[in-house]
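Since the structure comes first, as structure tokens, the remarks are kept for the end.
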Amino acid sequence: MARQKVFSVCGMCTVRCPIQVDVANNEVMFIQGNPHSGLKGALCARGAAGYALTQDDERPQYPMIREGKRGEGKWRRASWDEAFAYVAERLSAIQEKYGKESVIWSDRGGPFVDLHQAFVRGLGSPNYHNHDTACARGVQHACKSVVGIGRKELVYDYKNSKHIVLQTRNILEAINVAEVNSVLDALDAGCKLTVIDVRATVTAGKADNFFLIRPGTDYAFNLGVIHALIDSGRYDKEYVDAHVNGFDELVKFIRPYTPAWAAEECGISEKALLKFANQLADAAPSVIWHPGWMTARYQDSFYVSRTAYIINALLGAIGAKGGLPFANKPGDVGAKGLKKFVDLFPKPEGKRADGAGWKYPHIDAGPGMINLAYDAAVSGDPYPVKAYICHRHDPLMAFPDPDALKKKWEALELIVAVTFSWSDTAWNADVVLPMSPYLERESPLAQKGGLKPQFFVRKRALAPRYDTKADWEIIAGLSKALGLEPLAFESAEQMWEFQLQGTGKSLADFDAKGFVELCEKPNYQNIAEVKIATPSGKLEIVHPKWEQDGLMSLRPYVSPEKPPKGRFRIIFGRCGVHTQGHTVNNKLLFEQMPENVLWLNTASAKALGVSNGDPVKVSNGSYGGVIKAFVNDFVHPEAAFMVHGFGHKLPPESRAYGKGVADQELMVGGLENWSREGGYICMQEHFISVAKA
Ligand SMILES: Nc1nc2c(c(=O)[nH]1)N[C@H]1C(S)=C(S)[C@@H](COP(=O)(O)OP(=O)(O)OC[C@H]3O[C@@H](n4cnc5c(=O)[nH]c(N)nc54)[C@H](O)[C@@H]3O)O[C@H]1N2
Ligand SMILES: Nc1nc2c(c(=O)[nH]1)N[C@H]1C(S)=C(S)[C@@H](COP(=O)(O)OP(=O)(O)OC[C@H]3O[C@@H](n4cnc5c(=O)[nH]c(N)nc54)[C@H](O)[C@@H]3O)O[C@H]1N2
Ligand code: SF4
Ligand SMILES: [Mo]
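Under full-length UniProt numbering, think of the first position of the sequence shown as 1, with each following residue one higher.
Right, dumping it as structure tokens:
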């Protein structure tokens, strides 16, 4: 058969880069970044290993219904019809007994969730959630509290930037390919890079300024910079007068937080901090102070992101070219957005189980806080929660303290996992509905805001190798069994045509490039003409509604506790060749990095009698494991850093089994430590013991 080009979307991580797949005889010949997009053919190592996922015979291959106890691994194979009927019957019985709201859903978020949200609405439940309380909810809420919109409604305009500041953001290893390309292009063109981290990353290696700070002191760092900018008068006065609310309160609040104080608190030089603040003012407004991505770390991470937005505002960077311009929605460029599945059903009237939007009025009630929904299952307050559909989400790896979480789940009568690989969550579920890997499935059309908003399509490159289905097919199958006819699409084309109604675009428009741009040139909106959706209509340094709810807009600084002797603060992050916990068993990526190691500072290691490469025992409470030490000078002495996603103990995963240590297990009691302001779990508020094994 002749070689065919298929435009699709990478599914190896949440970034979802556009790809072109060359296929012949149902085999992949080549995968590359979509050459028509900003990727110019590039992909990361994980994207290049996508075919190994398809070929992996250690993933779930057919629907399964639990036979033994939860987590025991005894399954019976079911046909899809049987599995759909089983889930539909159980859901209906539970809803009849406990009410429509008793069903909750969580997923990985992202551009395809409209269909999921519609399904949950169709069930009559208000309880749709995504995974984000373990990732970027704090940034989301910080952006909403300052700018009145979500974090993705501002663009990071790296290409045109003159100074990029990456704080808790390892952009060259925690990868988004288009961003990596743009940052490297900007650096080539003379843009400055400042990195603030607790260890030297690959990104730090490219920086003009690298600040290695004491873990958890970022808020002090930012307060010191704000002080320097205001004290020297080097902020954008005109912009602040026109677009910022609460500047006078900021001036008063910032007084004690001098650069000298901040430098001492973070363990850096005052002179370097002042020089850096001046460089920012020189580059303004083409500055990006990145507010962070994986920021579910500390009680004050919300305020770190919030002050990042405030610094961007002081420099006039919000709305600026080369700064953080406003992302265009289709309507902003005179186009129509995709028709929404969610509008097929009325909004359920019931309150959310997690309290988002009512008990916690400032928490975004779109995706809510799934960890609080688990608490509702345990307490029965505000009502019983009994069934859980967990779609492309592995809470037992993504949330702290898996034993405590499993205990909470005992209150659930039904757990359904939709997944393409084995995960701790799927293993502990009652029903596993195996999804086809991304090369073997279509997804709903997706819409992406930006300087040039677009629609894009994930087409199926290969026929499924096993008895697995696409996400839309799974939703359609369940919908049919439940009588939710509007979502029971018969084909991907039928679904896509529904979405395109009223847009003036047709499926054929995707043939040339795999995406359809809704305007020709990047569109920069002028902040003077943008309606800022905050109570004052300006960027809010002080948020009146928040203050009313008893939340502080500007919180006094609290110094992080120092770890006791022999203990370290747990620090975690990503590496370039794995995605979260779900690629360790990928044959190609496993070869690249089969286990994680523990970064320890040379002096700290010496005090423990540990040398580079020694096995060390890490523990907290009843959890523990052995991991190799990576001893070096470029990590803070209070930190014990490991890459997240290892320490798998699932029998079907022959490669990943028993390799490395799981950081989430070392966060005992961590499910209860969440930020009320930011609505996320604080995962780095834990000390662990480290000793020579
Ligand atoms: N290769 C790869 N790329 C990915 C992913 C992946 O799994 N693999 N996942 C994607 C996802 S979901 C996300 S959220 C993003 C995450 O993107 P990032 O948030 O950039 O990634 P992390 O590695 O979690 O954290 C960034 C850095 O924060 C540092 N850090 C830890 N504690 C502190 C602190 O107290 N202060 C400061 N200043 N720094 C600290 C860590 O050392 C780390 O280098 O990556 C995305 N891209
Ligand atoms: N301790 C600790 N906890 C963390 C982190 C950490 O560094 N340390 N990182 C946090 C971050 S940044 C995030 S984003 C979360 C990530 O955690 P999750 O939100 O759970 O996301 P993933 O691990 O990407 O994917 C979850 C599951 O979905 C399956 N899956 C992946 N892709 C697909 C797909 O396309 N379709 C389907 N059906 N299934 C798929 C995988 O098999 C995986 O088991 O964890 C967070 N939790
Ligand atoms: S960053 Fe890499 S793994 Fe993630 S979508 Fe892009 S190519 Fe795929
Ligand atoms: Mo994330």
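Heads up, the beta-carbon is just placed ideally off N, CA and C, and yes, glycines get one too.
All values derive from a computational prediction rather than experimental measurement.
Exercise for review: Under 6 Å Cβ to Cβ from P535, same chain only, skipping five residues before and after it: list those, please.
Suggested key: Residue mapping note: residue 535 aligns to position 535 of the sequence shown, counting from 1. If we look at P535 and ignore the five residues flanking it on each side, its Cβ neighbours are P544, K545.
Point to revise | Distance, A2 Cα to F572 Cα | key: To locate residue 572, count along the sequence shown from 1; it is residue 572. To locate residue 2, count along the sequence shown from 1; it is residue 2. Between F572 and A2, the C-alpha separation is close to 46 Å.
Point to revise | Y98 (DSSP reduced to helix, strand or coil) | key: If you number the sequence shown from 1, residue 98 lands on position 98. Here Y98 sits in helix by DSSP.
Review point. Does DSSP put A533 in a helix, a strand or coil?
Key: Locating residue 533 in the sequence shown gives position 533, counting from the first residue. Note: A533 maps to coil in three-state DSSP.
Review point. The beta strand (DSSP E) with M29 in it runs from where to where?
Key: Sequence index remark: in the sequence shown, residue 29 carries index 29 (1-based). 27 to 33 is the extent of the beta strand (DSSP E) around M29.
Point to revise | Terminal residues of the beta strand (DSSP E) in which L166 lies | key: Residue 166 sits at position 166 when you count from the first residue of the sequence shown. Element bounds for L166: 163 to 167.
**Study point:** Straight-line Cα distance separating N127 from P256
**Key:** Residue numbering aside, residue 256 sits at position 256 when the sequence shown is read from its first letter. Residue numbering aside, residue 127 sits at position 127 when the sequence shown is read from its first letter. Their backbone Cα atoms lie some 44 Å apart in a straight line.
Review point. What's the gap between the Cα of A260 and the Cα of A404?
Key: The residue labelled residue 260 in the question sits at position 260 within the sequence shown. The residue labelled residue 404 in the question sits at position 404 within the sequence shown. One Cα belongs to A260, the other to A404, and the distance between them is close to 43 Å.
Check your understanding: Do the segment 385 to 393 and the segment 402 to 420 make contact, defined as three or more Cβ pairs closer than 8 Å?
Key -> yes
Review point. Opposite G625 in the DSSP bridges: which residues?
Key: Numbered from 1 along the sequence shown, position 625 holds the residue referred to as residue 625. V618.
Check your understanding: Hey, is R46 close to ligand 3, as in C-beta under 8 Å from one of its heavy atoms?
Key -> The sequence position of residue 46 within the sequence shown is 46, counting from 1. It does: the Cβ of R46 is within 8 Å (strictly closer) of some heavy atom of ligand 3.
Point to revise | Own chain partners of F341 with C-beta closer than 6 Å, once the 5 adjacent residues on each side are dropped | key: Taking the sequence shown and counting its residues from 1, the one referred to as residue 341 is at position 341. If we look at F341 and ignore the five residues flanking it on each side, its Cβ neighbours are D114, L115, A118.
**Study point:** Inter-residue CB distance, A184 and H290 (contact presumed, cutoff 8 Å)
**Key:** For the purposes of this step, residue 184 is identified with residue 184 of the sequence shown, where counting begins at 1. For the purposes of this step, residue 290 is identified with residue 290 of the sequence shown, where counting begins at 1. It should be noted that the sequence gives Leu, not Ala, for residue 184. The pair is not a contact, with the Cβ atoms about 16 Å apart (cut-off 8 Å).
Exercise for review: Put V481 into one of helix, strand or coil per three-state DSSP.
Suggested key: As a position in the sequence shown, residue 481 is number 481, starting the count at 1. Position check: residue 481 holds Ala in this sequence, whereas Val was assumed. A481: helix per DSSP, three-state reduction.
Review point. Between which two residues does the alpha helix (DSSP H) harbouring L589 extend?
Key: Within the sequence shown, residue 589 is the residue found at index 589, counting from 1. Per DSSP, L589 belongs to the alpha helix (DSSP H) from 587 to 592.
Check your understanding: Per DSSP, A356 forms a beta bridge with which residues?
Key -> On the sequence shown, position 356 is the one that residue 356 refers to. According to DSSP, A356 bridges with Y360.
Review point. In terms of residue numbering, what span does the beta strand (DSSP E) encompassing S269 cover?
Key: Along the sequence shown, one-based indexing puts residue 269 at 269. Note, S269: premise wrong, no beta strand (DSSP E); not H, not E.
Check your understanding: Where do the N-terminal and C-terminal ends of the alpha helix (DSSP H) with D248 fall, by residue?
Key -> For the purposes of this step, residue 248 is taken as the residue at position 248 of the sequence shown. 247 to 254 is the span of the alpha helix (DSSP H), which, as asked, contains D248.
**Study point:** Where the alpha helix (DSSP H) through V378 begins and ends
**Key:** Position 378 of the sequence shown, counting from 1, holds the residue named residue 378. That run of the alpha helix (DSSP H) goes 370 to 379.
Check your understanding: Is I681 near F221, with beta carbons less than 9 Å apart?
Key -> Numbered from 1 along the sequence shown, position 681 holds the residue referred to as residue 681. Numbered from 1 along the sequence shown, position 221 holds the residue referred to as residue 221. Not a contact, by the Cβ cut-off of 9 Å.
Check your understanding: Just the Cα atoms here: how many angstroms apart are P453 and S421?
Key -> Taking the sequence shown and counting its residues from 1, the one referred to as residue 453 is at position 453. Taking the sequence shown and counting its residues from 1, the one referred to as residue 421 is at position 421. Approximately 32 Å between the Cα atoms of the pair.
Check your understanding: Hey, is T423 close to ligand 2, as in C-beta under 8 Å from one of its heavy atoms?
Key -> The residue given as residue 423 occupies position 423 in the sequence shown. With the sequence shown as reference, residue 423 is identified as Ser, and Thr is not the correct amino acid for it. Yes, ligand 2 has a heavy atom inside 8 Å of this Cβ.
Exercise for review: Run the proximity test for I627: is its beta-carbon closer than 8 Å to any non-hydrogen atom belonging to ligand 1?
Suggested key: Numbered from its first residue, the sequence shown carries residue 627 at position 627. False, no ligand heavy atom lies under 8 Å from that Cβ.
Check your understanding: In the structure shown, what three-state DSSP assignment does Q501 receive?
Key -> For the purposes of this step, residue 501 is taken as residue 501 along the sequence shown, with counting starting at 1. Coil, per DSSP.
Exercise for review: Can you check DSSP and say which residues form a bridge with C390?
Suggested key: Taking the first residue of the sequence shown as 1, we reach residue 390 at position 390. In DSSP, C390 forms a bridge with S106, A417.
**Study point:** Simplified DSSP assignment, three categories, for residue 694
**Key:** It is not possible to answer for residue 694, since the shown part of the chain is limited to 1 through 693.
Review point. So E58 and E591 are in contact, right, with Cβ under 8 Å, and what is the actual spacing, rounded?
Key: On the sequence shown, position 58 is the one that residue 58 refers to. On the sequence shown, position 591 is the one that residue 591 refers to. At roughly 15 Å, the Cβ-Cβ gap does not stay under 8 Å, so E58 and E591 are not in contact.
Exercise for review: Return the Cβ separation of N612 and F641 in integer angstroms, given the expectation that the two are a contact with Cβ distance under 8 Å.
Suggested key: Against the sequence shown, residue 612 aligns to sequence position 612. Against the sequence shown, residue 641 aligns to sequence position 641. Incorrect: roughly 14 Å between the Cβ atoms, too far for contact.
Point to revise | Contact test: T54 Cβ vs ligand 3 heavy atom, cutoff 8 Å | key: The residue you call residue 54 lines up with position 54 of the sequence shown. Flag unset: Cβ of T54 not near ligand 3.
Point to revise | Assigned secondary structure, A691 (DSSP; H/G/I helix, E/B strand, else coil) | key: Residue mapping note: residue 691 aligns to position 691 of the sequence shown, counting from 1. A691 carries a strand assignment under DSSP once its states are collapsed to helix, strand and coil.
Check your understanding: From what residue to what residue does the alpha helix (DSSP H) around residue 694 run?
Key -> There is simply no residue 694 to check, as the chain begins at 1 and stops at 693 in what is shown.
Exercise for review: With hydrogens ignored, establish whether the beta-carbon of G33 is closer than 8 Å to any heavy atom of ligand 3.
Suggested key: Within the sequence shown, numbered from 1, the residue matching residue 33 stands at position 33. Yes; taking the cut-off as 8 Å, the Cβ of G33 has a heavy atom of ligand 3 nearer than that.
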